[in-house]
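S.K.: Input: one structure, supplied below.
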Amino acid sequence: MSKLKPRERDAIVQALRAGVVPRLGLRHIQVGRAREIEEILRDMERIAGGGASIRFIIGDYGSGKTFFMNLARLVALEKGMVVMFADLAPDRRLHATAGQARNLYAEMARNLATRTKPDGGALASVVERFVSQAHQEADDRDMPTTSVIREKLAHFEELTGGFDFAQVIRRYWEGHEAGDEDLKSAALRWLRGEFATRTDARKALGVRSIVDDASVYDHLKLTSEFVLAAGYKGLLVGWDEMVNLFKLNSAQARNANYEQVLRILNDVLQGSARHLGFLMGGTPEFLMNTRRGLYSYEALQSRLAANSFVREGLVDLSGPVIRLTNLTQEDLFVLLCNVRAVMQGEGDLLPDEALEAFMAHCQDRIGEAYFRTPRNTVTAFVNMLAVLEQNPGLIWTDLIAQLDLREDSGDDMADVEEGTGGVASEDDLASFRL
157 MSKLKPRERD
167 AIVQALRAGV
177 VPRLGLRHIQ
187 VGRAREIEEI
197 LRDMERIAGG
207 GASIRFIIGD
217 YGSGKTFFMN
227 LARLVALEKG
237 MVVMFADLAP
247 DRRLHATAGQ
257 ARNLYAEMAR
267 NLATRTKPDG
277 GALASVVERF
287 VSQAHQEADD
297 RDMPTTSVIR
307 EKLAHFEELT
317 GGFDFAQVIR
327 RYWEGHEAGD
337 EDLKSAALRW
347 LRGEFATRTD
357 ARKALGVRSI
367 VDDASVYDHL
377 KLTSEFVLAA
387 GYKGLLVGWD
397 EMVNLFKLNS
407 AQARNANYEQ
417 VLRILNDVLQ
427 GSARHLGFLM
437 GGTPEFLMNT
447 RRGLYSYEAL
457 QSRLAANSFV
467 REGLVDLSGP
477 VIRLTNLTQE
487 DLFVLLCNVR
497 AVMQGEGDLL
507 PDEALEAFMA
517 HCQDRIGEAY
527 FRTPRNTVTA
537 FVNMLAVLEQ
547 NPGLIWTDLI
557 AQLDLREDSG
567 DDMADVEEGT
577 GGVASEDDLA
587 SFRL
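Note that this note's numbering numbers the sequence shown so that position 139 is 295, with each residue one more than the last.
Here it is as structure tokens:
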């Protein structure tokens, strides 16, 4: 294990105590998933080589979807890519008419990260890198920087929305050259999707379009081309909590979002996208429910159906869907050892005997769920270690006996009624009159 930095330790401990995935230091607690990670590495190589990739990360609530996606995010950063990740929510989705899709894009743009700025907020750095390289090239060739920028972005005009995108980058350079911070800020606001009306954008930058609900995917493709021109290997886009599409009340709204998923899937599989990858995290219900899930859209079902040759004990990770297998008891033991190493360093708060007793107690309380979906188990373990660390005279056997653990059933479907397939929606028969 590589040396643990204090900042990483604090991030890991605080996140695990809250039951969420840490953004830093994942390599210190990662266990299992070796074959899945190998597939993700192949995807990164494909993206860097000019191809495209799409993966649906499917697993039960608490099984490690978000952890795995964050691990893929770190791999992409190490490979020299730019990443844009965001969680879907009621006000953030792939297709909409009231600004929800633009909200999703704006959230991704705020979270845009590079290897040197892994915590997000790296959009300005990427733009600065591009214009600095263009300026250096212009000096070497003894020509105006604007001409070099126009030359490097000439192919954008062939892409949807590309002309205005290139114009915004040129306006950013003009602001950079003239020391006009307002102009630079306006250009970054446009790139982040923060202009709500075309009138405001035209007044500030002289462009006729903005990032709106209908153009989110087109702008993601433009962004992938731009980061490539700035010297990065490609763009990885991650969407977690895709179950929010499953929970949309309107069948029409769900299908419109699934059409966007189908468009992206077709582009990737047919080779129309380049240097671009997608990760989408969701539950088995979101994927396979034939009334409200992705399988309710026939074109998606045919493309995402499991390989019919895969039987018990066999796997096929080459398709778009990666189904995360459950952790084994051995995996959980290693995970708890890693967490213990993070929290106590070279100390000896807890021997291996205590880990075995802790796991036995968890199994007695909630059965196999303690290692198959280990979120609550890990949180309880971190809390116990924290108490032992701050109370030196305490004996671990007393704490384990007092541990009250409940199965983590999750709340992904908390507002979806049983038997109806969902909350009362536009596709349910509300009344009938003859």
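Each residue gets a CB set at the ideal place from its N, CA and C atoms; glycine is no exception.
1) For R191 and L460, I'd like the C-alpha separation in whole angstroms.
2) Measuring straight from C-alpha to C-alpha, what distance separates S428 and P507?
3) What is the DSSP secondary structure of V324, reduced to helix, strand or coil?
4) Comparing alpha-carbon positions, which option in V363, L268 and H517 lies nearest W346?
5) With 16 other CB atoms within 10 Å as the buried threshold, where does V287 fall?
6) Just how far apart, CA to CA, sit V424 and E545?
7) Pull up the CB-CB distance for V592 and V534, whole angstroms please, since I reckon it's below 8 Å.
8) Taking the straight line between their C-alpha atoms, what separation do you get for L309 and Y261?
9) K389 and M237 - do their beta-carbons sit closer together than 8 Å?
10) Using 8 Å for Cβ pairs, my map puts V490 next to L160. What's the rounded Cβ distance?
11) Going by beta-carbon coordinates alone, are M240 and N267 separated by less than 8 Å?
12) On the criterion of 16 or more Cβ atoms from any shown chain inside 10 Å, does K465 qualify as buried, or is it exposed?
13) Of the choices A462, A278 and I556, whose alpha-carbon is the least far from that of Q519?
14) Give the single residue among A265, Q457, M398 and E397 whose Cα lies nearest to the Cα of V372.
15) Per DSSP, what are the beta-bridge partners of M299 in this structure?
16) To the nearest angstrom, how far is the alpha carbon of L339 from that of N547?
17) From the DSSP output, which residues share a beta bridge with S209?
18) What is the DSSP secondary structure of T425, counted as helix, strand or coil?
19) DSSP three-state label for G438, please.
20) Return the residue from the list R189, A204, R165 and G207 that minimises the CA-CA distance to I213.
21) For A595, tell me which candidate among N445, R410, T379 and R285 has the shortest Cα-Cα distance.
22) How should I366 be labelled, buried or exposed, when 16 other C-beta atoms within 10 angstroms of its C-beta is the threshold for buried?
23) Starting from R479, follow its DSSP beta bridges and name the residues at the other end.
24) Go ahead and pull the three-state DSSP assignment for L488.
25) Give the single residue among L480, T481, H431 and F402 whose Cα lies nearest to the Cα of L450.
26) Report the option in W552, L473, R229 and L244 whose CA atom is closest to the CA atom of E194.
27) Compute the distance between the beta-carbons of N400 and R249, then report whether it is under 8 Å.
28) Closest to L244 by C-alpha separation, out of V231, E263 and E234, would be which residue?
29) Would you identify the three-state DSSP class for R348, choosing helix, strand or coil?
30) Would you say the segment 196 to 203 touches the segment 414 to 423, given that touching needs at least three Cβ pairs under 8 Å?
31) Between the Cα of L392 and those of V177, G207, A252 and L182, spot the shortest distance and give me the residue it belongs to.
32) Does the Cβ of V324 have 16 or more other Cβ atoms within 10 Å, making it buried, or fewer, making it exposed?
33) Between the C-alpha atoms of G387 and R358, what's the straight-line distance to the nearest angstrom?
34) Taking the C-alpha atoms as reference points, what is the distance between R479 and N413?
35) Around the C-beta of N259, are 16 or more other C-beta atoms found within 10 angstroms, so that it is buried, or is it exposed?
M.R.: Taking the definition as stated:
1) 20 Å
2) 55 Å
3) helix
4) V363
5) buried
6) 50 Å
7) Since the first residue of the chain shown is 157 and the last is 590, residue 592 is not available in this structure.
8) 22 Å
9) yes
10) Not really, about 17 Å apart at Cβ, beyond 8 Å.
11) yes
12) Note on identity: in this sequence residue 465 is Phe, with Lys being the wrong assignment. F465 is exposed by the Cβ-count criterion.
13) I556
14) A265
15) Per DSSP, none; premise fails for M299.
16) 56 Å
17) G433
18) It is worth fixing the name first, because residue 425 is Leu in this sequence and not Thr. Helix.
19) strand
20) R189
21) Nothing can be reported for residue 595, as the shown portion of the chain is limited to 157 through 590.
22) buried
23) I214
24) helix
25) F402
26) L473
27) yes
28) E263
29) coil
30) no
31) G207
32) buried
33) 29 Å
34) 22 Å
35) buried
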